[in-house]
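> Please find one structure pasted underneath; my questions will follow.
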Amino acid sequence: MKIDTLCVQAGYDPKTGDARIPPICQSTTYVYEKTQDMADLFDLKSDGYFYSRLANPTVAAFEGKVAALEGGACAIGCSSGMSATALAVFTVAGAGDNILSSAAVYGGTYNLFSTTLPKLGIECRFFDPDAPAKEIEKLIDGRTKMVFCETIANPSIVVLDFDKIAKICAEHRVLFAVDNTLATPALCRPKQFGANIIVHSSSKYLDGHAAALGGIIVDAGNFDFAASGRYPAFTTPDESYHGLVYAEQPVPFGTKCRAQMIRDFGAIMSPQNAFLSYIGCDTLALRMKKHSENAKRIAAYLEAHPKIDWVKHPSLKDNPYHGLAEKYLPDGQGGMLSFGIAGNVQKCAEFMEGLKLITQETHVADVRSCVLHPASTTHRQLSEEDLKAAGVPHNLIRLSVGIEDADDIIDDIEQALKRV
Ligand SMILES: *Cc1c(COP(=O)(O)O)cnc(C)c1O
């Protein structure tokens with residue numbers, strides 16, 4: 087079925103007399119009459135619930151919906167986008183291993199990869215996403231377990247060259263993981279372009295209403311662990327799971343992630359947040375169309391404005407990622423854009439404080455338009471030179487375009503620019 091249908095129908099299949107939408111199953115535990123029934127669950131011989139740290143029916147509905155939207159074999163709901171990324175890495179990498187990551191990733195992900203992973207003995211080798219394949223490939227060695235990228239990078243708005251990375255990963259038989267948060271499956275399904283693992287911060291567009299923190303990991307089910315030779319943890323028995331060999335399971339990555347990582351780290355999504363995120367996804371396809379249309383119009387308006395130095399949105403013809411966006415994001419390029427106000431930090435503050443409809447927030451990607459000035463908030467400790475190196479000019483304003491009427495958003499920007 088098509089994406090609009092999956093958004094409203096996938097993930098939950100009520101039987102006669104059941105609630106039409108997934109009930110919030112607010113229970114830590116589940117009852118069984120026969121000892122063997124529970125033993126079979128522990129042995130992964132049958133499906134069912136025994137403890138909500140491992141699986142929960144409401145979380146399962148959301149997992150089923152996102153798995154269907156991404157065309158994956160299974161999905162695992164996590165407590166946040168950060169825990170989803172961390173657990174995806176831990177599923178395949180341990181001390182002595184390394185991963186590759188695009189340098190253009192979300193700030194939290196950058197911190198996790200550059201600071202916290204090394205403390206656990208996992209090295210992250212960053213690469214410039216615009217570098218030629220040969221340069222990126224050089225970073226791969228026998229202990230490389232994953233290559234990580236974002237479909238649309240937050241906040242640099244770099245669009246991923248899927249073919250380039252997929253080819254490298256296929257040649258080296260290494261997992262290709264994609265953070266699809268800012269594109270969502272409504273605009274791009276990374277599996278179609280060779281990705282093996284897809285992660286999301288569902289706190290953004292999937293929930294869509296800034297109501298529930300969450301993350302999700304999708305196993306596309308298209309990676310041959312036995313053939314790769316890179317993943318002994320998948321081809322040798324897991325003694326902590328009665329000698330289970332993950333590569334022999336129907337969904338090796340997803341099984342190991344839940345049976346080992348969710349079991350040991352416990353960063354599962356809460357039923358309440360899963361419920362909100364599930365309901366949010368009902369309108370995902372509709373919302374992403376509107377976010378994209380609005381952002382496209384606002385980007386064109388800003389580009390023509392004399393008080394604006396530059397605008398970044400992949401819908402703009404002169405944007406360096408316009409070609410990649412036409413190839414991978416033909417149905418819309420999402421609601422995230424950034425622009426530079428002519429002048430200094432003071433002008434940015436004047437502009438932002440002059441806004442009436444658009445609010446100042448660190449959050450992005452929900453129904454309401456919001457702005458952030460990184461140089462005076464998230465990046466305020468950096469010097470002017472450091473800001474340049476981080477690709478965050480002092481006059482950069484990040485705008486997350488909501489689903490209000492585009493005319494009203496433009497009017498608000500217009501009146502605020504008049505004050506500058
Ligand atoms: C917000 C975000 C994250 C982190 O997600 P949380 O739910 O805040 O933990 C990861 N990746 C991207 C692209 C994000 O925008």
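Going by the working numbering, the sequence shown opens with residue 87, and the numbers climb by one from there.
Idealized CB from N, CA, C, for every residue including glycine.
From a predicted model like this one, the values you see are computed outputs, not experimental measurements.
Hey, is residue 240 close to ligand 1, as in C-beta under 7 Å from one of its heavy atoms?
Numbered from 1 along the sequence shown, position 154 holds the residue referred to as residue 240. Yes, ligand 1 has a heavy atom inside 7 Å of this Cβ.
> May I ask you to check if the CB of residue 267 is nearer than 7 Å to at least one heavy atom of ligand 1?
Here the question's residue 267 lines up with position 181 in the sequence shown. Answer for residue 267: yes, Cβ within range of ligand 1.
> Taking the straight line between their C-alpha atoms, what separation do you get for residue 153 and residue 178?
Position 67 of the sequence shown, counted from the first residue, corresponds to residue 153. Position 92 of the sequence shown, counted from the first residue, corresponds to residue 178. Cα to Cα, the separation comes out at about 20 Å.
> How far does the beta strand (DSSP E) with residue 500 in it reach, from first residue to last?
Here the question's residue 500 lines up with position 414 in the sequence shown. Membership of residue 500 in any beta strand (DSSP E) is not indicated; the residue belongs instead to the alpha helix (DSSP H) covering 492-504.
> Would you check if there are 3 or more beta carbon pairs closer than 8 Å linking the stretch 165-174 to the stretch 341-360?
yes
> Tell me the residue span of the alpha helix (DSSP H) that contains residue 370.
The residue given as residue 370 occupies position 284 in the sequence shown. Here the alpha helix (DSSP H) through residue 370 covers 370-389.
> Just to confirm before moving on: does the CB-CB distance between residue 329 and residue 158 stay below 8 Å?
For the purposes of this step, residue 329 is taken as residue 243 along the sequence shown, with counting starting at 1. For the purposes of this step, residue 158 is taken as residue 72 along the sequence shown, with counting starting at 1. No, the Cβ-Cβ distance between residue 329 and residue 158 is not below 8 Å.
> In the DSSP assignment, find the beta strand (DSSP E) that holds residue 486 and state where it starts and stops.
Start at 1 with the first residue of the sequence shown, and residue 486 comes out as number 400. Looking at the DSSP string, the run of the beta strand (DSSP E) that includes residue 486 is 482-486.
> On the DSSP bridge assignment, give the partners of residue 137 in chain order.
Within the sequence shown, numbered from 1, the residue matching residue 137 stands at position 51. Paired residue(s): 115.
> Shorter than 7 Å, the distance from the beta carbon of residue 374 to the closest heavy atom of ligand 1, or not?
Indexing the sequence shown from 1 puts residue 374 at position 288. No.
> For residue 291, is the beta carbon positioned less than 7 Å from some heavy atom of ligand 1?
As a working mapping, residue 291 is identified with position 205 in the sequence shown. In this structure, the C-beta of residue 291 stays at least 7 Å away from each heavy atom of ligand 1.
> In whole angstroms, what separates the C-alpha of residue 404 from that of residue 398?
For the purposes of this step, residue 404 is taken as the residue at position 318 of the sequence shown. For the purposes of this step, residue 398 is taken as the residue at position 312 of the sequence shown. Those two C-alpha atoms are separated by around 9 Å.
> For ligand 1, is there any heavy atom lying closer than 7 Å to the beta carbon of residue 299?
In the sequence shown, residue 299 corresponds to position 213, counting from 1. Checking the Cβ of residue 299 against ligand 1 gives yes.
> Cβ of residue 327 within 7 Å of any heavy atom in ligand 1?
The sequence position of residue 327 within the sequence shown is 241, counting from 1. No, since every heavy atom of ligand 1 falls outside the 7 Å radius drawn around the Cβ of residue 327.
> Below 8 Å between beta carbons: does that hold for residue 162 and residue 275?
Position 76 of the sequence shown, counting from 1, holds the residue named residue 162. Position 189 of the sequence shown, counting from 1, holds the residue named residue 275. No, the Cβ-Cβ distance between residue 162 and residue 275 is not below 8 Å.
> Whole angstroms are fine: how far does the CA of residue 155 sit from the CA of residue 367?
Counting from 1 along the sequence shown, the entry for residue 367 is found at position 281. Counting from 1 along the sequence shown, the entry for residue 155 is found at position 69. Each residue's alpha carbon lies about 10 Å from the other.
> For residue 160, which beta-bridge partners are listed by DSSP?
In the sequence shown, counting from the first residue as 1, residue 160 sits at position 74. DSSP lists 305 as partners of residue 160.
> Secondary structure at residue 245, three-state DSSP: helix, strand or coil?
Translated into the one-based positions of the sequence shown, residue 245 becomes position 159. Three-state DSSP puts residue 245 in a strand.
> Considering only residues of the same chain and omitting the five flanking positions on each side of residue 229, which have a CB-CB separation below 7 Å?
In the sequence shown, residue 229 corresponds to position 143, counting from 1. Cβ neighbours of residue 229 beyond the five flanking positions: 182, 183 and 184.
> Taking 8 Å as the limit between beta carbons, can you name the residues of its chain near residue 322, skipping five residues before and five after?
By 1-based counting over the sequence shown, the position of residue 322 is 236. Excluding positions up to five away in sequence, the list reads 331.
> From the DSSP output, in three-state form, read off residue 282 for me.
The sequence position of residue 282 within the sequence shown is 196, counting from 1. Note: residue 282 maps to coil in three-state DSSP.
> Looking at ligand 1, does it come within less than 7 Å of residue 462, judged from the CB to the closest heavy atom?
Looking up residue 462 in the sequence shown gives position 376. No, Cβ of residue 462 sits at least 7 Å from all heavy atoms of ligand 1.
> Taking DSSP as the reference, what is the three-state secondary structure of residue 430?
As a first step, residue 430 is located in the sequence shown; it is residue number 344 there, counting from the start. In this structure, residue 430 counts as coil in the three-state DSSP scheme.
> In this structure, how does DSSP classify residue 438 when only helix, strand and coil are distinguished?
Numbered from 1 along the sequence shown, position 352 holds the residue referred to as residue 438. Of the three classes helix, strand and coil, the one that applies to residue 438 here is helix, per DSSP.
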